[in-house]
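Just so you know, the protein sequences line up as chains A and B, in that order.
When we follow the working numbering, the leftmost residue of the first sequence carries the number 473, and every step to the right adds one.
When we follow the working numbering, the leftmost residue of the second sequence carries the number 4, and every step to the right adds one.
Where a beta carbon is used, it is the ideal one built from N, C-alpha and C, also for glycine.
Worksheet: the structure to be examined is printed underneath.
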Amino acid sequence: MKIKTMQELLDAKILCCEENVEKHVYSACGCDLMSDVLAYVKDQAVLLTGLVNTQVIRTAVMMDMLCIVFVRSKAPTEEMLKLARDTGIVIMTTEKRLYEACGLLYSNGLVGNKAKS
Amino acid sequence: MSEELVFRYDVNGDDFTSAGQASVQVKRNLRQLGLDSDTIRRVSIAMYEGEINMVIHAGGGVAEVRVSEDCITIVLTDKGPGIKDIEKAMQEGYSTAPDEIRSLGFGAGMGLPNMKRHTDSIEIDSVLGVGTTITMKVNLG
Ligand SMILES: Nc1ncnc2c1ncn2[C@@H]1O[C@H](COP(=O)(O)OP(=O)(O)OP(=O)(O)O)[C@@H](O)[C@H]1O
Ligand SMILES: [Mg+2]
Numbered sequence: 473m474k475i476k477t478m479q480e481l482l483d484a485k486i487l488c489c490e491e492n493v494e495k496h497v498y499s500a501c502g503c504d505l506m507s508d509v510l511a512y513v514k515d516q517a518v519l520l521t522g523l524v525n526t527q528v529i530r531t532a533v534m535m536d537m538l539c540i541v542f543v544r545s546k547a548p549t550e551e552m553l554k555l556a557r558d559t560g561i562v563i564m565t566t567e568k569r570l571y572e573a574c575g576l577l578y579s580n581g582l583v584g585n586k587a588k589s
Numbered sequence: 004m005s006e007e008l009v010f011r012y013d014v015n016g017d018d019f020t021s022a023g024q025a026s027v028q029v030k031r032n033l034r035q036l037g038l039d040s041d042t043i044r045r046v047s048i049a050m051y052e053g054e055i056n057m058v059i060h061a062g063g064g065v066a067e068v069r070v071s072e073d074c075i076t077i078v079l080t081d082k083g084p085g086i087k088d089i090e091k092a093m094q095e096g097y098s099t100a101p102d103e104i105r106s107l108g109f110g111a112g113m114g115l116p117n118m119k120r121h122t123d124s125i126e127i128d129s130v131l132g133v134g135t136t137i138t139m140k141v142n143l144g
């Protein structure tokens, strides 16, 4: 699925790195616990989360993710956006809740974790 | 690369917001060296977990990353409280992190096992009341 398609499905607003919305992503994860993202996620390019702090961005950087979706209209700070810009990570924010946002993407073909470490 | 390359960072323990800065910088440096992305990711995740641990549990410390021909060595040194029971600390789910750390997205007791999983060797030297030194190696090629 293209990042742009995600944005349309979630009715989300892109906050940075709009130039990368044509990129394709093949799986995603929804999680507020960065400990678990670091430990269990494998090759997921998208993180959907309701947690907003700089560690969310750094976690995504460490995991080579391409896109972060903040749910429930959460807005990252300028510092977080700058960090994301440095590595080209697309950041968007949606009014939808985590469960609904994940469900929408999943039911439109963006599945979760198939690879097991 | 015959010379060993060394990166060294002070990790500030007073400010959770900056935790992970050193790891981001190391990742950038390793990319510039042209290492393969799988190796870089393993080093990044292991170091990031260790750096966050230094901030959360030990009030900061020093991170050193050495790149030699055949391996990358990450050494994390702190003067924190030390780890009482290392075997326990290595178990998934064991954490002494306070609730406020959990509300920041950490403290699930996954860090040390994850560091072990992503590296070829991990050595933990810890003395109660003195500090902890963690040495991790990721082999190259
Ligand atoms: N540098 C350190 N100094 C003192 N204690 C530490 C240090 N690193 C880890 N510990 C102890 O080991 C425990 C387990 O660490 P681990 O990284 O596995 O989990 P955590 O940091 O509590 O949670 P998570 O890593 O999932 O966010 C910690 O809760 C803490 O008690
Ligand atoms: Mg930890």
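>> Per the DSSP calculation, M139 of chain B is bridged to which residue(s)?
In response: B:I77 and B:I125
> Between the stretch 26–51 of chain B and chain A, which residues of the former have CB atoms less than 9 Å from a CB of the latter, in chain order?
Replying inline: S26, V27, K30, R31, S40, I43, R44, S47, I48, M50 and Y51
>> Is there a Cβ of chain A sitting closer than 8 Å to that of N56 of chain B, yes or no?
In response: no
>> Tell me the residue span of the beta strand (DSSP E) that contains Y578 of chain A.
In response: Premise fails: Y578 of chain A lies in the alpha helix (DSSP H), L570 to S579, not in any beta strand (DSSP E).
> So what does DSSP say about T526 of chain A, is it helix, strand or coil?
Replying inline: helix
> Can you tell which of B:I55, B:V27, B:M57 and B:G53 has its C-alpha closest to the C-alpha of I43 of chain B?
Replying inline: B:V27
> Who are the near neighbours of A517 of chain A in its chain, counting only those whose CB is closer than 6 Å to its CB and skipping five residues on each side?
Replying inline: V497, M537 and L538
>> Between G114 of chain B and ligand 2, is there a pair consisting of the residue's CB and a ligand heavy atom that are separated by less than 7 Å?
In response: yes
> When burial is assigned at 16 or more other CB atoms within 10 Å of the CB, is S589 of chain A buried or exposed?
Replying inline: Residue placement at S589 of chain A is flagged as unreliable, the pLDDT there being 39, under the threshold of 50; the coordinate-derived value follows with that caveat. So S589 of chain A counts as exposed.
>> In whole angstroms, give me the CA-to-CA distance for R11 of chain B and Y51 of chain B.
In response: 14 Å
> A547 of chain A: which of A:D558, A:N525, A:A532 and A:T531 sits nearest, CA to CA?
Replying inline: A:N525
> Based on Cα-Cα distance, which residue from A:D515, A:E480, A:M506 and A:R569 lies nearest to G584 of chain A?
Replying inline: A:D515
>> Spatial neighbours of G502 of chain A within its chain, please: C-beta separation below 6 Å, excluding the five flanking residues on both sides.
In response: L520, L570 and C574
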